[in-house]
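Numbering (this note's numbering), first residue to last: 154 to 321. For each residue, glycine too, the CB sits at the ideal point set by N, CA and C.
So, in structure tokens, the structure goes:
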């Protein structure tokens, strides 16, 4: 069994505005908006199923329940703290579980949208949630600053991409 070193992960969907408003057709904007609205929850649901952890996760966060993941004897491996506005905060029992779920989530977002990116920051849980929250925010800022922005370029052959613009 994996060592219990709880990890707080923050997910941020990048490229939402350009994804939704890449066209001026109302039906397409509404469709893209609908996809984005639930992309993190759908990606997390998919990842949990891929990792076969259905009975070890608590994905219902809207009820305001207490953190069951920390209770002694709990078999919960994942607990969603918040999802909204293209962001999510998730507590994992350990880093191995967090990395496995995150890989599936990233692939899901790429497969479903072709251009949105999932930025991920993870920090070790400490005794202070306030400090953990600040640490994960700081880590996310660093990751987003260094993360190249990808664009769907269709059928263009690409030999190399410019680091700053993402264009060929």
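Out of 159, 158 and 193, point me to the one whose CA is closest to residue 256's CA.
193
Note down the Cα distance separating residue 223 from residue 277, rounded to an integer number of angstroms.
14 Å
Taking buried to mean at least 16 other C-beta atoms within 10 Å of its own C-beta, is residue 164 buried or exposed?
buried
Would you report the Cα separation of residue 202 and residue 166, rounded to the nearest angstrom?
21 Å
Euclidean distance between Cα positions of residue 240 and residue 298:
17 Å
For the segment 231-258, list the beta strand (DSSP E) runs that are entirely contained and at least 3 residues long, ordered along the chain.
231-237 and 240-245
Would you give the residue range spanned by the alpha helix (DSSP H) that residue 283 belongs to?
282-299
Leaving aside the five residues before and after residue 288 along the sequence, list all residues of the same chain whose C-beta is less than 7 Å from its C-beta, in chain order.
276
Can you list, in chain order, the residues of its chain with a C-beta nearer than 8 Å to that of residue 292? Leave out the 5 residues immediately preceding and following it.
163, 274, 275 and 276
For residue 300 and residue 233, the rounded distance between their alpha carbons:
25 Å
For residue 313 and residue 281, the rounded distance between their alpha carbons:
44 Å
Which residue comes first and which comes last in the alpha helix (DSSP H) that contains residue 200?
192-203
In angstroms with no decimal places, state the Cα-to-Cα distance between residue 283 and residue 244.
14 Å
From what residue to what residue does the beta strand (DSSP E) around residue 164 run?
160-167
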